[in-house]
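With the numbering used here applied, the sequence shown corresponds to residues 46 to 534, in that order.
Cβ coordinates follow ideal geometry from the N, Cα and C atoms, glycine included.
The block underneath contains the structure these notes are about, expressed in structure tokens.
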Amino acid sequence: MPKVSIEPQEVLLTSGQAATFHAIDTPRGAPVSWSLNPPSGSGTLAPPAGNTPTPSATFVAPLIVSTAQTIAVIASVNSDSASATIYLIPDAISIVPAKADLQAGQRQEFIAIVAGAAPAPASPTASGPPPGKVSWILSPPLGKVSQVEEKNATYFKALYEAPPEIPDSTKVNVTATSEASGKQATAVVNLSSPPWTGVGVQLLGGFLLLVFMLVFLMVLLWPPALPSPDTAKANRAEAEKTLDDKTSALEKAETASLQANAKLTRIQAQSKKQAQQAGAPSGSKTDENATTPEQAQAEYDAAYYARERAQQARDFAEKDLEKKRDNEEKANEPDVTTKLAGKINRELDLLWLVLLAGCLGAFLHMGQSFTDFVGNRTIKSQWAWWYYFRPFIGAGLALVFYAAMRGGFMAITTGSNAKASELNPFGLVAVAALVGMFSRAATMKLGEVFDTLFKSDKAKESKDKLNQSTQTSTQSAGSTATGGSATTK
Numbered sequence: 046m047p048k049v050s051i052e053p054q055e056v057l058l059t060s061g062q063a064a065t066f067h068a069i070d071t072p073r074g075a076p077v078s079w080s081l082n083p084p085s086g087s088g089t090l091a092p093p094a095g096n097t098p099t100p101s102a103t104f105v106a107p108l109i110v111s112t113a114q115t116i117a118v119i120a121s122v123n124s125d126s127a128s129a130t131i132y133l134i135p136d137a138i139s140i141v142p143a144k145a146d147l148q149a150g151q152r153q154e155f156i157a158i159v160a161g162a163a164p165a166p167a168s169p170t171a172s173g174p175p176p177g178k179v180s181w182i183l184s185p186p187l188g189k190v191s192q193v194e195e196k197n198a199t200y201f202k203a204l205y206e207a208p209p210e211i212p213d214s215t216k217v218n219v220t221a222t223s224e225a226s227g228k229q230a231t232a233v234v235n236l237s238s239p240p241w242t243g244v245g246v247q248l249l250g251g252f253l254l255l256v257f258m259l260v261f262l263m264v265l266l267w268p269p270a271l272p273s274p275d276t277a278k279a280n281r282a283e284a285e286k287t288l289d290d291k292t293s294a295l296e297k298a299e300t301a302s303l304q305a306n307a308k309l310t311r312i313q314a315q316s317k318k319q320a321q322q323a324g325a326p327s328g329s330k331t332d333e334n335a336t337t338p339e340q341a342q343a344e345y346d347a348a349y350y351a352r353e354r355a356q357q358a359r360d361f362a363e364k365d366l367e368k369k370r371d372n373e374e375k376a377n378e379p380d381v382t383t384k385l386a387g388k389i390n391r392e393l394d395l396l397w398l399v400l401l402a403g404c405l406g407a408f409l410h411m412g413q414s415f416t417d418f419v420g421n422r423t424i425k426s427q428w429a430w431w432y433y434f435r436p437f438i439g440a441g442l443a444l445v446f447y448a449a450m451r452g453g454f455m456a457i458t459t460g461s462n463a464k465a466s467e468l469n470p471f472g473l474v475a476v477a478a479l480v481g482m483f484s485r486a487a488t489m490k491l492g493e494v495f496d497t498l499f500k501s502d503k504a505k506e507s508k509d510k511l512n513q514s515t516q517t518s519t520q521s522a523g524s525t526a527t528g529g530s531a532t533t534k
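Laid out in structure tokens, this is it:
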């Protein structure tokens, strides 16, 4: 059995208007039951004659439609059913649809309904006197709208065509005005430009990867871990004192070893002499502190090993002193040894680190922005130059920020007269990367520093000597020139 369908499928009505619906493809002689959803309060539905279910039913809208409503007309045949949609429009002029989303070059048809101008026909396809004319206006004038003429129609149609190029997402109001009553209705068209695709996006992504690879030069330009000159000098002095102490201890150990060796020699000689005179066996106690040769030998061995340990300690202290002296010389040198450039001036090395760190911070910002916009398919080609210039802007701001700190405009822990060897490269790179990442905040901070240094109270007292008309025109020109605000990614 074929499925039931209803004609017409959609009807637009206003106060007091009516429309007749027909059930199609129903079995011959099968009764058709009609119903509304919602069931009441939104007009009446009745067969044309009698109360017997028939293949046709007429819906009559309420005498007053205060709010827009959507009603479903349902036709049921045995276990099968179909539905049609009724759009009730309030007494005024209304536009259907009220909202549309378009891209460049796309079109959208709008229908304006003027309620109360004339009795409406039973359906949009039926004939009837038109309720006057409708004019269409675009605000802002992006794209074009043209009215579609229909004879004997109560619905005024217009075709809106989006502009061929949309630089950025925007909204256009399509306004229909009834010339008879002066009432207006507005539909909103959201214009969105298509995402940027193709080789250009791939080239931009490759440029970002190149910037990311360049920042790895920081690893090759990173200076060796050396103490500051003052710290290196203190370490060298401490190493010298330690070497003096170890040398003094070695001298004492050598003296003790010599004394123990002499004592051992005397005791061995006395022991041998006493053994020969008294016939006593060798190794018996002698008169010198009643010490046996074995005890003297043990004392000598202990003194000997103590001297050896003192010698080792002195050798280690001497090597440590040489290392501390070498570190002090390197700390005081104007050049530093790196993996990339060999010998390079410390100041120049720090400048390179600051520039590359600014690029790194800028890359972190624009890399996240690029992946988000490409992933959401909302990237625009007009933002390409922003991505290309962003690393250089980050590097330049980082350099200015570094110069402000080294010049004393902004306080740092070591002071403005600090040597390059006294600066911590980790701190400089961290600050430069943050400046490159948050360039807007860094620019505002530099602006505050500038205002503090060059603030003048006389500027408040200065008055414009020009006449009012000239001043107004000048201000207007200035606002026009600087009125556009830059959008940040």
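Would residue i and residue j qualify as a contact pair, given that the criterion is a beta-carbon distance under 9 angstroms?
{"i": "Pro185", "j": "Thr215", "result": "yes"}
{"i": "Phe415", "j": "Gly481", "result": "no"}
{"i": "Gln153", "j": "Tyr200", "result": "no"}
{"i": "Val141", "j": "Gly188", "result": "no"}
{"i": "Thr65", "j": "Ala106", "result": "no"}
{"i": "Val264", "j": "Lys384", "result": "yes"}
{"i": "Leu538", "j": "Ala207", "result": "Since the first and last residues shown for the chain are 46 and 534, residue 538 lies out of range."}
{"i": "Ala341", "j": "Ala305", "result": "yes"}
{"i": "Ile424", "j": "Pro212", "result": "no"}
{"i": "Ser121", "j": "Ser180", "result": "no"}
{"i": "Arg352", "j": "Leu295", "result": "yes"}
{"i": "Lys286", "j": "Ala358", "result": "no"}
{"i": "Phe104", "j": "Val49", "result": "no"}
{"i": "Val399", "j": "Arg391", "result": "no"}
{"i": "Ile138", "j": "Ala203", "result": "no"}
{"i": "Ala284", "j": "Arg370", "result": "yes"}
{"i": "Leu473", "j": "Leu395", "result": "yes"}
{"i": "Val419", "j": "Val246", "result": "yes"}
{"i": "Ser484", "j": "Leu444", "result": "no"}
{"i": "Lys308", "j": "Tyr349", "result": "no"}
{"i": "Thr220", "j": "Ile182", "result": "yes"}
{"i": "Gln151", "j": "Ser238", "result": "no"}
{"i": "Leu498", "j": "Phe446", "result": "no"}
{"i": "Ala298", "j": "Ala355", "result": "yes"}
{"i": "Glu493", "j": "Asp275", "result": "no"}
{"i": "Ile545", "j": "Val118", "result": "Missing from the structure shown is residue 545; the chain here goes from 46 to 534 and no further."}
{"i": "Leu262", "j": "Asp365", "result": "no"}
Rounded to whole angstroms, how far is the Cβ of residue i from the Cβ of residue j, which I believe are closer than 8 angstroms?
{"i": "Gln62", "j": "Thr130", "result": "Their Cβ separation, rounded to whole angstroms, is 15 angstroms, which puts Gln62 and Thr130 out of contact at 8 angstroms."}
{"i": "Gly406", "j": "Ala486", "result": "About 11 angstroms; that fails the 8 angstroms criterion."}
{"i": "Leu249", "j": "Tyr432", "result": "6 angstroms"}
{"i": "Ala145", "j": "Ala232", "result": "7 angstroms"}
{"i": "Leu266", "j": "Cys404", "result": "At roughly 13 angstroms, the Cβ-Cβ gap does not stay under 8 angstroms, so Leu266 and Cys404 are not in contact."}
{"i": "Pro76", "j": "Ile116", "result": "Actually they do not touch by this definition, with Cβ atoms about 22 angstroms apart."}
{"i": "Asn280", "j": "Asn372", "result": "7 angstroms"}
{"i": "Met411", "j": "Arg435", "result": "5 angstroms"}
{"i": "Leu133", "j": "Ser87", "result": "7 angstroms"}
{"i": "Thr71", "j": "Pro100", "result": "6 angstroms"}
{"i": "Ser316", "j": "Pro338", "result": "5 angstroms"}
{"i": "Ala102", "j": "Ala113", "result": "Not confirmed; about 23 angstroms, so no contact."}
In the DSSP output, what is residue i paired with across the bridge?
{"i": "Phe52", "result": "Sequence check: residue 52 is Glu here, not Phe. DSSP output for Glu52 lists His67 as bridge partner(s)."}
{"i": "Phe201", "result": "Ala157"}
{"i": "Leu236", "result": "Leu147 and Thr215"}
{"i": "Val381", "result": "Ile389"}
{"i": "Ser223", "result": "Val179"}
{"i": "Glu206", "result": "Arg152 and Lys189"}
{"i": "Leu133", "result": "Leu58 and Gln114"}
{"i": "Val141", "result": "Ile156"}
{"i": "Ser184", "result": "Asn218"}
{"i": "Thr231", "result": "Thr220"}
{"i": "Ser128", "result": "Ile119"}
Taking the alpha helix (DSSP H) that residue i belongs to, which residues open and close that run?
{"i": "Ser484", "result": "Ser484 to Leu498"}
{"i": "Gly250", "result": "Val244 to Leu259"}
Cβ of residue i within 8 angstroms of any heavy atom in the ligand ADP?
{"i": "Thr497", "result": "Inclusion of the ligand ADP in the displayed structure is not the case, the ligand content being empty and no account of it being possible."}
Which ranges would you report for the beta strand (DSSP E) in the stretch 55-125 if only whole runs of at least 3 residues count?
-> 55-58, 63-69, 78-82, 89-91, 101-105 and 114-122
Which runs of the alpha helix (DSSP H) spanning at least 4 residues fall entirely within the stretch 401-471, listed in chain order?
-> 429-452
Length at least 4, wholly inside the stretch 260-304: the alpha helix (DSSP H) runs in chain order | 262-266
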